[in-house]
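Number of protein chains: 2
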Amino acid sequence: MEKYTMEVCGLKRELPYIPIDEETAFASFVILGDVELIGAAAEQLVKKLDAVDYIVTAEAKGIPVSYEMSRRLGLKECIILRKSVKTYMKEPMCQSVKSITTAGSQNLYLDQVDAEKIKGKNICIVDDVISTGESLKAIENVVIRAGGIVSYKVAILAEGDAAKRDDIVYLGVLPIFSKCSDGTYIKK
Amino acid sequence: MEKYTMEVCGLKRELPYIPIDEETAFASFVILGDVELIGAAAEQLVKKLDAVDYIVTAEAKGIPVSYEMSRRLGLKECIILRKSVKTYMKEPMCQSVKSITTAGSQNLYLDQVDAEKIKGKNICIVDDVISTGESLKAIENVVIRAGGIVSYKVAILAEGDAAKRDDIVYLGVLPIFSKCSDGTYIKK
């Protein structure tokens, strides 16, 4: 099967094409278990930050890179928005979000205990890939509702039109692809 | 609100009581954003391991400690079982699991690409807390079905009867609690 070869942080990865529809595909970037790339990306991303109090992300793909960035910044905690209400949560804040990789819409939940922590603090929002920006926007909305100050919005990769944004920090670009009549893919 | 004070890896944490029913409660241990404790626990856990090829865990709470253990072991990848089928997966293996912290039963999915990686390899299964053992058993089943060799089963904490098990490695014990008539909790 044909794959898209990309390089980020000096590491090459082969990404399978995933069709969105008959004509369009994206390249699947799976960071969750990629310990080597998580470490390399976190090292690069923290160099671009100054005076951050908390890293905030949404489960699941943002978790390890947020942990590693926090560790490198000397932060003792990071804040993880959950996709469902957990028994430990008290009066969680709910925010709806649309995703291109998960069918339909979903909700993100911020525990009230975490909401109080980020109030008035400098926040860096982290995601693995910023694409349509819907996930990022949802996280940003919750942080602002909780009284946090969104100082940075960072990702390992910017996909498609996200690469044109000047309000985000990222380490590499991921194209969107068109399917050719011979079944191969070219960058849109 | 009254909380249970515990110490693990030299770090004190205050855990809120979560009622299971009228008479029983557990103490809620939330590791996901606890960067300080993840680092300390991973440091202790890797000292107990020898010749591990892959760390395997299930999303979401096991992710950061599995990342950190893998990093410390010099492993470039770790394997994360997902709670739903993702677009990037090809013929994922499905395993059902019961959970006391999530209502009802759920499924875990192992991507075929990951299944091939762990075949014939020495696997360390990691979880945040081993309690009923249902989650651990589900992960173990999938690893065995994929042909992996379960060399270690480790957790930060063993809860309730799990502390009596001699087939798991853990760093601390979490009691189950009885509710007293005055509303306070005592260890069962």
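Chains A and B are the protein sequences, given in the same order.
Under my numbering, the first sequence has 141 at position 127, and the numbering climbs by one with no breaks.
Under my numbering, the second sequence has 87 at position 73, and the numbering climbs by one with no breaks.
Think of the CB as a built atom: it goes at the ideal place given N, C-alpha and C, for glycine as much as any other residue.
Quick caveat, the model's predicted, so the values are computed rather than measured.
According to DSSP, is residue i helix, strand or coil?
i: S84 (chain A); result: helix
i: P106 (chain B); result: coil
i: A54 (chain B); result: helix
i: E130 (chain A); result: helix
i: P189 (chain A); result: coil
i: I27 (chain A); result: In the sequence as displayed, the identity of residue 27 (chain A) is Arg instead of Ile. Correct three-state label for R27 (chain A): strand.
i: L63 (chain B); result: coil
i: E148 (chain B); result: helix
i: E173 (chain B); result: strand
i: K112 (chain B); result: strand
i: V70 (chain A); result: strand
i: V49 (chain A); result: helix
i: V79 (chain A); result: helix
i: R96 (chain A); result: strand
i: E21 (chain B); result: strand
i: V44 (chain B); result: coil
i: I158 (chain A); result: helix
i: I200 (chain A); result: strand
i: I182 (chain B); result: coil
i: I32 (chain A); result: strand
By alpha-carbon positions, which one of the options ends up nearest to residue i?
i: G76 (chain A); options: A:K97, A:K61, A:D64; result: A:K97
i: I190 (chain B); options: B:F40, B:K26, B:V22, B:I163; result: B:F40
i: G162 (chain B); options: B:K135, B:L185, B:A169; result: B:K135
i: L185 (chain A); options: A:V70, A:E57, A:V49; result: A:E57
i: I170 (chain B); options: B:K151, B:V164, B:D141; result: B:D141
i: L124 (chain B); options: B:I93, B:F43, B:K17; result: B:I93
i: Y31 (chain B); options: A:D67, A:T101, A:P78; result: A:T101
i: D128 (chain B); options: B:V143, B:C108, B:K178; result: B:C108
i: I139 (chain B); options: B:S80, B:K112, B:A55, B:C23; result: B:S80
i: P78 (chain B); options: B:N121, B:G53, B:Y68; result: B:G53
i: S145 (chain A); options: A:D48, A:E36, A:L188, A:V60; result: A:L188
i: A160 (chain B); options: B:V143, B:V44, B:I182, B:K133; result: B:K133
i: V111 (chain A); options: A:P33, A:L29, A:V156; result: A:V156
i: M83 (chain B); options: A:E105, A:A72, A:E50; result: A:E50
i: K201 (chain B); options: B:E37, B:R27, B:C23; result: B:E37
i: V143 (chain A); options: A:L29, A:R27, A:F43; result: A:F43
i: A65 (chain B); options: B:G88, B:A55, B:P33, B:A74; result: B:G88
i: N121 (chain A); options: A:L25, A:R27, A:S149; result: A:S149
i: P106 (chain A); options: A:Q126, A:A72, A:E91; result: A:Q126
i: S192 (chain A); options: A:G174, A:K178, A:I182; result: A:G174
i: K17 (chain B); options: B:A72, B:E28, B:C23; result: B:E28
i: I137 (chain B); options: B:L63, B:D196, B:K104, B:E73; result: B:L63
Using 10 angstroms around the beta-carbon of residue i, count the other beta-carbons present and answer buried if the total reaches 16, otherwise exposed.
i: T19 (chain A); result: exposed
i: A176 (chain A); result: buried
i: C194 (chain A); result: exposed
i: E21 (chain B); result: exposed
i: A172 (chain A); result: buried
i: D180 (chain A); result: exposed
i: V99 (chain A); result: exposed
i: R85 (chain B); result: buried
i: T198 (chain B); result: exposed
i: I69 (chain B); result: buried
i: K167 (chain A); result: buried
i: P33 (chain B); result: exposed
i: E130 (chain A); result: exposed
Which chain B residues are close to residue i, counting only those with a beta carbon under 9 Å from its beta carbon?
i: D67 (chain A); result: Within chain B, no residue comes near D67 (chain A); the closest Cβ sits about 13 Å away, beyond 9 Å.
i: Y123 (chain A); result: Simply none; closest approach about 12 Å.
Which residues of chain B have a Cβ atom closer than 7 Å to the Cβ of residue i, listed in chain order?
i: P78 (chain A); result: I77, P78, Y81
i: L89 (chain A); result: V49
Please compile the residues from chain A whose C-beta is within a distance smaller than 9 Å of the C-beta of residue i.
i: I153 (chain B); result: Under the 9 Å cutoff, chain A gives no residues; its nearest Cβ is about 14 Å from I153 (chain B).
i: T198 (chain B); result: Those within 9 Å of T198 (chain B) in chain A number zero; the least Cβ separation is about 19 Å.
Since residue i meets chain A, which of its residues come closer than 8 Å, beta carbon to beta carbon?
i: M74 (chain B); result: Note on identity: in this sequence residue 74 (chain B) is Ala, with Met being the wrong assignment. Going along chain A in sequence order, the residues near A74 (chain B) (Cβ under 8 Å) are E73, A74, I77, I94, R96.
Which bits of chain A does residue i rub up against, with CB to CB less than 7 Å?
i: G53 (chain B); result: R85
Using a Cβ cut-off of 8 Å, pull out every chain B residue sitting near residue i, in sequence order please.
i: Y18 (chain A); result: In chain order: nothing, as chain B lies at least about 13 Å away.
Which residues of the stretch 21-45 of chain A have a Cβ closer than 8 Å to any Cβ of chain B? Give them in chain order. P30, I32, S42, V44
Using a beta-carbon distance cut-off of less than 9 Å, what residues from the stretch 157-168 of chain A approach chain B? none
Tell me which residues of the stretch 98-109 of chain A have at least one Cβ-Cβ distance to chain B shorter than 9 Å, keeping chain order. S98, K100, T101, Y102, K104
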